[in-house]
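In full-length UniProt numbering, the protein residues as written are 1 to 397.
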């Protein structure tokens, strides 16, 4: 319960309970801050993991699908930034756990000692201390209140007796004995008032005499509560400062600054000159500058493997389909055993039109066994199967 909604007071009987309640509220406040710090650590952990998965996913995609060049280089740098963010947020989580949550748990263990069926020992000790300090004062106060009540009652009875006497004197039918009774009643009430007043004044003097020890005892117990609260408050502020020092790394991290400076440098280097170089590199492999063997007259030989262009012509159907079960001699006649010349990345999907061709799927890799022939076809191997494919559909890694 917040302090500003508690009934004010301290010296009255039982009013010390606000101070006892503050100890409990302080423990609850520590627990709430612990929950908040743990929740923030969980958020940092989840964010770091999500960012790491994001970076791994897109790095794999870029590595497989994006051709080498300026764009790939810049793209990978952006993903490196995501990796660094993941590391930093995981570090924040670890520091929150080690520097804040563990310290909070240790402080609570050392300063508050719970029991199975009762309140923590510190709360019980504070309440018992205040009860001892108020015990005698409470007795004197109750005695004083009782005498005060008796005195006020005697005063009211005296006033009532005086009114009755006045009324009897105006009553001519009342005998002298009857009138005397009212006078006797008034005298008795006046005696009671004096007696009650004397007891009341005596109790006032007695409780006044005990006021100084009472103030001393109550002040002693109160200062113990104040010292406990000061210690707890300082610790909470220290933990908030520790959490702030952990979180500020997200804003002031020099590694982030250097990382983004490097990224900016990479992006600035991807200028028109770099992009032009990328286009020239593409042209050298896939464009007008690509190496080729222009058609010349070739004498027929047994080892010549002619493949029709895909503009509508097809090769003769007497060659056996290429498969892993067909011997190399049947596939390639007198060709020597084929060896891997290079590994290439597939740029486009390709569906075979003939039995001696192999399918291609964008992004996968294939072993290139021969250079492109005069018609632009290579021999390759994929998943153990050997066949032909268009050379322009792949890029050598």
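All C-beta atoms, glycine included, are put in the ideal place defined by N, C-alpha and C.
Residue i, enclosing beta strand (DSSP E) - first and last residue
i           : result
residue 345 : 342-346
residue 380 : 377-382
residue 389 : 385-390
residue 123 : Looking at the DSSP string, residue 123 is not in any beta strand (DSSP E); the run it does join, the alpha helix (DSSP H), is 121-169.
residue 367 : 365-368
Cβ neighbour criterion (16 or more within 10 Å) applied to residue i
i           : result
residue 202 : exposed
residue 200 : buried
residue 353 : exposed
residue 309 : Low local confidence applies: a pLDDT of 42 at residue 309 is under 50, so the model's placement there is unreliable, with the coordinate-based value given in what follows. Classification for residue 309: exposed.
residue 287 : exposed
residue 260 : exposed
residue 387 : buried
residue 13  : exposed
residue 61  : exposed
residue 31  : exposed
residue 44  : buried
residue 3   : Model confidence at residue 3 stands at a pLDDT of 48, short of 50, so the residue's coordinates are unreliable and nothing is read from them.
residue 166 : exposed
residue 377 : buried
Closest by C-alpha distance to residue i, when choosing among the options
i           : options               : result
residue 380 : 389, 373 and 113      : 389
residue 372 : 226, 298, 114 and 290 : 290
residue 365 : 350, 123 and 346      : 346
residue 86  : 256, 186 and 376      : 256
residue 162 : 299, 360, 214 and 179 : 179
residue 112 : 104, 122, 103 and 29  : 122
residue 392 : 196, 120 and 349      : 349
residue 295 : 253, 374, 361 and 339 : 374
residue 273 : 234, 46, 297 and 71   : 71
Whole-Å CB distance - residue i paired with residue j, under 8 Å assumed
i           : j           : result
residue 246 : residue 92  : 6 Å
residue 133 : residue 217 : 4 Å
residue 69  : residue 281 : 7 Å
residue 76  : residue 363 : Their Cβ separation, rounded to whole angstroms, is 17 Å, which puts residue 76 and residue 363 out of contact at 8 Å.
residue 158 : residue 189 : 4 Å
residue 53  : residue 83  : Rounded, the Cβ-Cβ distance is 11 Å, inconsistent with contact.
residue 413 : residue 368 : Nothing in the structure corresponds to residue 413, since the chain is present only between 1 and 397.
residue 33  : residue 106 : In fact, because the Cβ distance is near 14 Å, the residues do not count as touching under 8 Å.
residue 136 : residue 16  : The pair is not a contact, with the Cβ atoms about 15 Å apart (cut-off 8 Å).
residue 182 : residue 160 : Not really, about 11 Å apart at Cβ, beyond 8 Å.
For residue i, the first and last residue of its enclosing alpha helix (DSSP H)
i           : result
residue 21  : 17-65
residue 222 : 211-247
residue 88  : 70-95
residue 395 : Run containing residue 395: none in the alpha helix (DSSP H); it sits in the beta strand (DSSP E), 394-396.
residue 353 : It is not in any alpha helix (DSSP H) - residue 353 carries neither H nor E in the DSSP assignment.
residue 300 : Counting along the chain, residue 300 falls outside any alpha helix (DSSP H), and DSSP gives it neither H nor E.
residue 265 : 254-269
residue 283 : 272-286
residue 105 : 102-111
Heavy atom of the ligand ADP within 7 Å of residue i beta-carbon
i           : result
residue 203 : Absent from the structure shown: the ligand ADP. Ligands present: none.
Within-8 Å CB hit, residue i to chain B
i           : result
residue 122 : Absent from the structure is chain B; it holds one protein chain and no more.
inquiry  = If contact is defined by three or more beta carbon pairs under 8 Å, each pair taking one atom from either stretch, is the segment 236-256 in contact with the segment 77-97?
reply    = Taking a contact to require three or more Cβ pairs closer than 8 Å, the segment 77-97 and the segment 236-256 qualify as touching.
key: Touching by the beta-carbon criterion (3+ pairs, under 8 Å), the segment 13-29 and the segment 220-233   = Taking 8 Å as the limit for Cβ pairs, the verdict is that the segment 220-233 does touch the segment 13-29.
Inter-stretch contact (C-beta, 8 Å, three-pair minimum) for the segment 136-153 and the segment 24-37 = No: the two stretches stay apart, fewer than three of their Cβ pairs being nearer than 8 Å.
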